[in-house]
Every structure is written in C-alpha cells, then in structure tokens.
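Heads up: the structure comes next, in structure tokens.
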Amino acid sequence: MKKNIIYLVLIIIIGVVAFVPGIKEYLRDQFFPIATIENAVHVNEEDYDIELKGINVPSTNLKAFRNKPVFLNFWGTWCPPCRKEWPTIQKLYDSRKGNVDFILIAMNDKEDDVKKFLKENNYTVPVYIAQSPISEKILPKVFPTTFLIDQHGRIIIKEDAYRDWNTETVHQFIDNIIK
Numbered sequence: 001m002k003k004n005i006i007y008l009v010l011i012i013i014i015g016v017v018a019f020v021p022g023i024k025e026y027l028r029d030q031f032f033p034i035a036t037i038e039n040a041v042h043v044n045e046e047d048y049d050i051e052l053k054g055i056n057v058p059s060t061n062l063k064a065f066r067n068k069p070v071f072l073n074f075w076g077t078w079c080p081p082c083r084k085e086w087p088t089i090q091k092l093y094d095s096r097k098g099n100v101d102f103i104l105i106a107m108n109d110k111e112d113d114v115k116k117f118l119k120e121n122n123y124t125v126p127v128y129i130a131q132s133p134i135s136e137k138i139l140p141k142v143f144p145t146t147f148l149i150d151q152h153g154r155i156i157i158k159e160d161a162y163r164d165w166n167t168e169t170v171h172q173f174i175d176n177i178i179k
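Each residue of the sequence shown is one higher than the one before, starting from 1 at the first, in UniProt numbering.
Here you go:
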C-alpha cells in the first residue's frame with residue numbers, strides 16, 4: 001500500500017513538471033545553475049570584434065567590454081517578444097547597471113524606428129546597431145536572444161526566447177559573476 005502511494009506521488013510530481021508551464025525552467029534555474037557555468041561556451045577575442053553604432057550612447061566596439069560582465073541582447077522593434085521583455089530588461093538595468101555592462105543590439109531595424117521606440121517608452125538601456133559582421137558563436141537564430149557573459153568570456157546564460165529578466169535568479173547570477 002505504501003509503495004503504491006509513493007508511486008502515485010512520483011507520477012503526480014513528474015506530471016506537474018512535464019505539463020505545467022514554467023515549472024521545468026524554474027526548477028532548472030533553482031537547482032542547476034552551476035552546471036550551466038561549468039559547461040559554458042567561451043567568447044574569444046575575435047568574437048568580440050563588432051563595431052557598434054550607438055543609438056542612445058556613444059559608438060564603440062564590443063571589444064571594449066572584453067574582461068567585463070556583459071548582458072548582451074539581440075532584439076528588434078518589429079519583434080513582439082522582444083518588445084514584451086523590454087520592461088524587465090529596463091528594470092534589471094536600473095538595478096544592476098553598476099555591476100554589469102548592458103549591450104542591446106537592434107537587428108534588422110532602422111535607426112529612426114529604434115530611436116522612436118526608446119523615446120516613446122522612456123527606455124535608457126544602451127542600444128546599438130552592429131556595423132560589422134557578428135561571430136557565428138553569438139549570432140542569433142531567433143529573437144530575442146540574450147547572453148549573460150562573465151568577465152572571463154564564458155556564456156553563463158543563453159536565452160533564445162522571451163524571459164522576465166527582473167527575477168531574483170537573474171539578479172543572483174549577476175551578483176555571482178562579478179565576484
């Protein structure tokens with residue numbers, strides 16, 4: 001009898017993890033962040049060589065951010081999931097801009113459309129448009145795509161979809177990579 005109850009509880013737990021949206025990602029973030037770091041892909045010096053035209057900040061090269069923690073996001077004003085995650089990125093920027101450099105690269109967008117979007121929404125996160133080819137290692141296949149890169153060039157987080165970036169888990173990741 002006890003055995004049957006244990007099996008039933010296990011089946012219910014597996015069902016909840018498999019079928020309730022967001023549970024699997026939450027559990028992964030809570031219990032396996034170290035595995036993400038240990039298996040991280042590294043961004044090398046050539047990958048950082050991207051000329052960036054500043055939209056609301058001065059122009060630069062991504063190489064200027066080498067050896068620093070970086071929140072790197074590829075997005076577009078034409079992309080509904082990108083627009084949806086912007087408020088959470090702005091909140092994260094407001095609370096963590098002193099700990100990590102934020103670089104948001106508008107893709108397949110006109111400069112005027114990006115400026116209008118930023119102004120209409122009062123967004124202040126640094127936005128750029130790439131002026132040179134982007135390395136295959138970080139070139140997005142879908143939008144939005146976001147990387148959290150530590151000061152050693154390790155990709156700690158890669159997200160190929162909308163995400164709420166203003167969560168305690170993300171804040172902890174940022175706090176840990178700056179140590």
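Glycine is no exception: its CB is placed at the ideal position from the N, C-alpha and C atoms.
- One alpha carbon belongs to Tyr162, the other to Lys84, and they sit about 7 Å apart.
- Between Cys82 and Pro144, the CB-CB gap stays under 8 Å.
- Scanning the UniProt domain "Thioredoxin" (34-179) for uninterrupted alpha helix (DSSP H) segments of 4 residues or longer gives 80-96, 111-121, 168-177, listed from N- to C-terminal end.
- Between the region 125-142 and the region 98-108 there are three or more C-beta pairs closer than 8 Å, enough to call the two in contact.
- A check of alpha carbon separations from Gly153 across Ile178, Val170, Asp160, Glu159 identifies Ile178 as the nearest.
- At the C-beta level, Val114 and Ile55 come within 8 Å of one another.
- CA-CA distance, Asn73 to Phe19, rounds to 29 Å.
- One alpha carbon belongs to Ile174, the other to Asn99, and they sit about 7 Å apart.
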